[in-house]
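Numbering (my numbering), first residue to last: 1 to 389.
Here it is in C-alpha cells:
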C-alpha cells in the first residue's frame with residue numbers, strides 16, 4: 001500500500017476516535033488522486049442509524065403549599081414521554097415522608113411500607129399521565145416542618161428520571177369557647193357558670209388559655225384556674241383536634257342587678273376562625289324573699305311566689321285530664337234544699353233517707369188514700385140503701 005493509502009487510513013482512525021460522524025470520515029477517506037502511487041479505492045459505509053428512543057420525565061407538586069398539619073393535601077406526580085419512541089412497562093415509585101399518611105390510591109397503584117408503586121404503564125411518545133395521591137399530615141406536626149417528597153420513573157431499556165422536593169408545614173386550629181349560666185337568680189344565692197373550650201381542628205392547638213370576668217364575688221374557683229383576683233384565668237395548654245375542656249366556678253351577689261360577662265379564649269398558634277373566640281353569659285339578680293313578719297303578716301300564696309320566681313326556677317305541674325263522675329258521686333252531689341242539706345260528715349247510707357219534703361209527700365199520699373177510702377165507703381152505703389127499698 002502506498003503512502004496516500006496509509007494517510008487515508010490514519011485520517012479515518014483519528015476521526016473515529018474523536019467521535020466524528022460517518023459522513024465526515026467518508027470525506028476524509030475520499031479517493032486519492034489517480035496519479036498518486038499506491039492509491040486504493042475505499043468504499044463508503046452507510047452511517048449507523050439507532051432506533052427511536054423514549055425519554056421519560058417525572059415532575060411532582062403538592063397542594064396546598066405549605067401543607068396544613070392535620071389536613072389533607074393532594075400529592076400530584078406527572079410522567080411524560082418526551083422521546084420519539086414508545087415506552088413500555090413504565091414503573092412510577094414514590095417514597096412518602098414519615099409525617100404523612102396516604103389516602104385511597106389511584107388505580108394500578110399499591111402501597112408497601114411507605115412506598116407507593118404504580119407499574120405496568122405503557123406511554124406512547126409525546127403522551128403524559130398524572131397520578132393524584134391524597135396525603136394527610138399529622139395533626140401534631142410542628143410548624144415549619146419540612147415534608148420531603150421523592151419519586152422515580154423507570155422503563156426497561158430506557159433512561160429513567162427522578163425528582164425530589166420539600167414542602168413546609170403550618171399549623172391551623174379553630175379554638176372556641178362557650179360560656180353558660182343561669183339567666184336569673186336571687187340575691188345571696190350561688191350562681192354557677194361553665195366555660196367549655198373546644199378545638200375544632202384540623203391542627204393541634206398549643207398554648208391555649210381562657211380568661212373570664214364573672215362580675216360577682218367568686219365563691220368557688222376551679223383547681224385548674226388558680227389565683228386570688230376577681231378574674232378567672234384557666235390554662236389549657238395543648239389541645240388536640242375535636243377535644244374539649246370544661247371549667248366550672250360559682251359566684252355570689254348580695255344586691256339586685258346583673259352579674260356575669262364575656263369569656264375569651266387564646267391560642268399560641270394560628271386561629272383560623274376568630275369569630276368564636278368569645279362567649280357571653282349574664283344573670284339577672286333579683287331581691288331575696290323576705291321572711292315571715294313577726295306581727296302575723298300573711299306570707300305570699302304559692303301562686304304569688306310562683307309569679308315572682310324567674311322562669312327557670314318555676315316548676316310546672318301538669319293538670320289531670322277531666323273525667324266523668326261516678327254514678328255514686330253524681331247521686332251524692334245532687335243539690336238539695338238548704339233546710340234539707342245533709343251534714344258534711346254524715347255517713348253515706350245505702351238507702352235514701354226520708355226527711356223534709358219526703359215526709360210531706362208521704363203525708364199527702366196517706367191523706368189522699370184515706371179520703372178515697374171514705375168516698376168509696378159512702379158510695380157503697382148509698383147503693384145498699386137503695387136495694388133495700
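All C-beta atoms in this analysis are idealised placements derived from N, C-alpha and C, irrespective of residue type, glycine included. Being a predicted model, the structure only gives us computed values, none of them experimental.
Item, Value
"As assigned by DSSP and simplified to three states, the class of residue 381", "helix"
"Beta-carbon gap between residue 239 and residue 248 smaller than 9 Å", "no"
"Segments assigned beta strand (DSSP E), at least 3 residues, entirely inside the stretch 59–86", "72–81"
"Residue 195 and residue 251 closer than 9 Å at C-beta", "no"
"Residue environment, residue 283, which counts as buried when at least 16 other CB atoms sit within 10 Å", "buried"
"Reference residue 177; option with closest CA among 278, 55, 65 and 103", "278"
"Among 169, 237, 85 and 223, nearest to residue 146 - alpha-carbon criterion", "169"
"Whether residue 230 touches residue 213 by CB criterion (9 Å)", "yes"
"CB of residue 132 within 9 Å of CB of residue 93, strictly", "no"
"Proximity winner among 197, 180, 84 and 139, relative to residue 125 (alpha-carbon distances)", "84"
"Of the residues 119, 216, 215 and 234, the one placed nearest residue 222, counting alpha carbons only", "234"
"First through last residue of the beta strand (DSSP E) which encompasses residue 267", "Where residue 267 is concerned, there is no enclosing beta strand (DSSP E), given that its DSSP letter is neither H nor E."
"Beta-carbon proximity of residue 287 to residue 186, cut-off 9 Å", "yes"
"With 16 other Cβ atoms within 10 Å as the buried cut-off, status of residue 139", "buried"
"Distance CB(residue 137)-CB(residue 61) smaller than 9 Å", "no"
"In DSSP terms, what residue 286 is bridged to", "186"
"Exposure of residue 158, with buried meaning 16 or more beta-carbon neighbours within 10 Å", "buried"
"DSSP state of residue 275 mapped onto helix, strand, coil", "helix"
"Proximity to residue 148 [Cα-Cα], best of 206, 183, 95 and 55", "95"
"Residues that residue 89 bridges to, as DSSP identifies them", "Answer is none; residue 89 lacks a bridge partner."
"Close-in-space but distant-in-sequence residues of the same chain around residue 243 (CB under 8 Å, 5 per side omitted)", "198 and 199"
"Residue 237 beta carbon less than 9 Å from that of residue 173", "no"
"C-beta atoms of residue 100 and residue 77 nearer than 9 Å", "no"
"Contact under 9 Å by Cβ, residue 167 with residue 67", "yes"
"Buried/exposed call for residue 56, threshold 16 Cβ in 10 Å", "buried"
"Distance, residue 110 Cα to residue 104 Cα", "10 Å"
"6 Å CB neighbourhood of residue 75 in its chain, flanking five on each side removed", "62, 133 and 135"
"Residues near residue 164 by beta carbon distance below 6 Å, same chain, minus five either side", "150"
"Reference residue 120; option with closest CA among 207, 181, 361 and 88", "88"
"Sequence-distant residues of its chain with Cβ nearer than 6 Å to residue 375 (five each side left out)", "none"
"Length of the line joining the Cα atoms of residue 115 and residue 274", "39 Å"
"Same chain only: Cβ atoms within 8 Å of residue 204, ignoring 5 sequence neighbours per side", "69, 70, 139, 140, 171, 173, 238, 239, 240 and 241"
"For residue 240, the three-state DSSP class (helix, strand or coil)", "coil"
"Inter-residue CB distance, residue 128 and residue 175 (contact presumed, cutoff 8 Å)", "In fact, because the Cβ distance is near 44 Å, the residues do not count as touching under 8 Å."
"Residue 41 - DSSP class collapsed to helix/strand/coil", "Model confidence at residue 41 stands at a pLDDT of 38, short of 50, so the residue's coordinates are unreliable and nothing is read from them."
"Per-residue DSSP class, three states only, for residue 296", "Note that residue 296 has pLDDT 42, beneath the 50 cutoff, so the model's placement of it is unreliable and no number is given."
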